[in-house]
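Residue numbers (this note's numbering), protein chains in the order written: chain A, 20 to 374; chain B, 288 to 415. Built from N, CA and C at the ideal position, the CB exists for glycine as well. All values derive from a computational prediction rather than experimental measurement. One structure is given below, encoded as structure tokens.
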């Protein structure tokens, strides 16, 4: 996926107003099969897998023994006995190694099948308010696996169904990373190009545009979705990142549980905040220092993400600060090009799609 | 294919200069705006400032990246373009016209000889 096909702003606005299509094939895919897959995964991931009926997925995290994040990912229950993990491109190798290591220590490891299918598998994301107008023509229903739906547009958020394209089976989920309605299509590599072309052919008249990495980043920043390596890393916990909702402390033991339970009970020393620039300035960017707004301000932390928001027309960012400075409306100063520019903590997300 | 007007001089660092008498107008080229993509912020030198040829005197930030602008020639800044500060997209949409950055009174017109002509600049950007 290139940084942009035309311009980051144009592609970003296309996704918000019509639709954009992203080649996300570098993401990793891992299949984990029963009979002991559910127990193994529930001990390795933070969210509660037992909630998932076939055809349902959930956002979750994989933590190390200190509660630090190894990766954030989606897990889908495809069938009664098979789970699909979709992981970050840059973490695929680390994730598979981690899973294999955890599996070695798992007593019922003979009952777990683990298969990294990333090399044979690609993916395409199509996101935006008009996607529902054309996607059904690309993948006519009904589903043949996963969620039972007569059409792709019948899938609810986080549901996944098996459909067909050119006679081959593909998986379509109602998920995305932009804050808009959309779908992610997981396919064998050979189908990538034909599906890409078919989507552009059907969606073009509705305003569908190819969108690249640059727009993907500005869109997810506006939606306050974390990006591994920025909001999340091996020294940051989901609690610090504000993702406690996806940590099911009461499901039983899992890797990192004790540290996370401790943090939920006693609080954290750093918290992820969303901030908006209050004055006209160059955009905030990752690694820029965050200061308190007082005259003799103290350095509070660092931005982990930042950009000029195409939708809001103002600089926005995410960064870690001590909890005392994490309340919305707290004034901050962001060090941009050796000057401290005023900003303010705002509630997340910066952008929420209408209705 | 980038637009390279024939009546301008160019710096290797992708600024252009339009000379009228002893006054020089400076901006960024079509090639530069295309590489930067969406310009979201422009910071210009203050009127009255003395700049030297090759000195960083302005800043352009796009969604993608930040870039220093180096004055192709030296002199005293006489005027800055508030329109491009208020509407940074002018640098993308009209880099040689409404997207100009600043004007200065040339201290040493001889410096113009060191700049590239349109054919040389075009050759440089075609090779990259």
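query: For a contact meaning CB atoms closer than 7 Å, what does residue 348(B) contact in chain A?
result: Position 61 of the second chain, counted from the start, is the residue given in the question as residue 348(B). Here the neighbours are 301 and 302.
task: Within its chain, find whatever has a CB closer than 6 Å to the CB of residue 54(A); leave out the 5 residues flanking it on each side and keep chain order.
output: Here residue 54(A) is taken as the residue at index 35 of the first chain, counted from 1. Contacts found: 130.
- request: Mind checking who residue 140(A) pairs with in its DSSP beta bridge?
  value: Numbered from 1 along the first chain, position 121 holds the residue referred to as residue 140(A). DSSP output for residue 140(A) lists 207(A) as bridge partner(s).
task: Kindly indicate the opening and closing residues of the alpha helix (DSSP H) around residue 376(A).
output: This structure leaves residue 376(A) out entirely; chain A is present only between 20 and 374.
query: If you measure from the beta carbon of residue 345(B) to each beta carbon in chain A, is any gap under 9 Å?
result: Locating residue 345(B) in the second chain gives position 58, where the first residue counts as 1. With 9 Å as the cut-off, residue 345(B) does not count as an interface residue toward chain A.
Residue 34(A) versus residue 260(A): straight-line alpha-carbon distance, rounded: Position 15 of the first chain, counted from the first residue, corresponds to residue 34(A). Position 241 of the first chain, counted from the first residue, corresponds to residue 260(A). Each residue's alpha carbon lies about 26 Å from the other.
query: How many angstroms separate the CA atom of residue 38(A) from the CA atom of residue 145(A)?
result: On the first chain, position 19 is the one that residue 38(A) refers to. On the first chain, position 126 is the one that residue 145(A) refers to. CA-CA distance, residue 38(A) to residue 145(A), rounds to 7 Å.
query: Which residues mark the beginning and the end of the alpha helix (DSSP H) in which residue 59(A) is found?
result: Start at 1 with the first residue of the first chain, and residue 59(A) comes out as number 40. Start and end: 56–63.
message: Between which residues of its own chain and residue 44(A) is the CB-CB distance below 7 Å, once the five residues before and five after are set aside?
response: On the first chain, residue 44(A) is found 25 positions in, with the first residue counted as 1. Correct list, in chain order: 141, 142 and 211.
message: Using a 10 Å radius around the Cβ and a threshold of 16 neighbouring Cβ atoms, would you call residue 264(A) buried or exposed?
response: Here residue 264(A) corresponds to residue number 245 of the first chain, with the count starting at 1. That one is exposed.
query: Along chain A, which residues have their Cβ under 9 Å away from the Cβ of residue 378(B)?
result: Here residue 378(B) corresponds to residue number 91 of the second chain, with the count starting at 1. Near residue 378(B) there are no residues of chain A at all, since even the closest Cβ is about 13 Å away, more than 9 Å.
message: With a threshold of 7 Å on Cβ separation, who are the neighbours of residue 122(A) within its own chain once the five nearest residues in sequence on each side are excluded?
response: One-based indexing of the first chain puts residue 122(A) at position 103. Around residue 122(A): 59, 128, 131 and 133.
query: What are the start and end residues of the alpha helix (DSSP H) that includes residue 230(A)?
result: The count along the first chain starts at 1 and reaches residue 230(A) at position 211. Neither: residue 230(A) is in no alpha helix (DSSP H) and is coded neither H nor E.
- prompt: In this structure, what does DSSP give as the bridge partners for residue 387(B)?
  reply: Counted from its first residue, the second chain places residue 387(B) at position 100. Note: residue 387(B) sits in no beta bridge, so no partner.
task: Measure the CB-CB distance between residue 228(A) and residue 30(A) and report whether it falls below 9 Å.
output: Position 209 of the first chain holds residue 228(A). Position 11 of the first chain holds residue 30(A). Closer than 9 Å, so yes.
field: Pair within 9 Å by beta-carbon distance, residue 353(A) and residue 362(A)
entry: For the purposes of this step, residue 353(A) is identified with residue 334 of the first chain, where counting begins at 1. For the purposes of this step, residue 362(A) is identified with residue 343 of the first chain, where counting begins at 1. Contact: yes.
task: Please confirm whether residue 196(A) and residue 242(A) have their CB atoms less than 9 Å apart.
output: Here residue 196(A) is taken as the residue at index 177 of the first chain, counted from 1. Here residue 242(A) is taken as the residue at index 223 of the first chain, counted from 1. Yes; because the gap between Cβ atoms is below 9 Å, this pair is in contact.
- prompt: In whole angstroms, what is the alpha-carbon distance linking residue 340(A) and residue 356(A)?
  reply: To locate residue 340(A), count along the first chain from 1; it is residue 321. To locate residue 356(A), count along the first chain from 1; it is residue 337. Answer to the nearest angstrom: the Cα atoms are 20 Å apart.
field: Three-way DSSP call (helix, strand, coil) for residue 319(B) in this model
entry: Within the second chain, numbered from 1, the residue matching residue 319(B) stands at position 32. Residue 319(B): helix per DSSP, three-state reduction.
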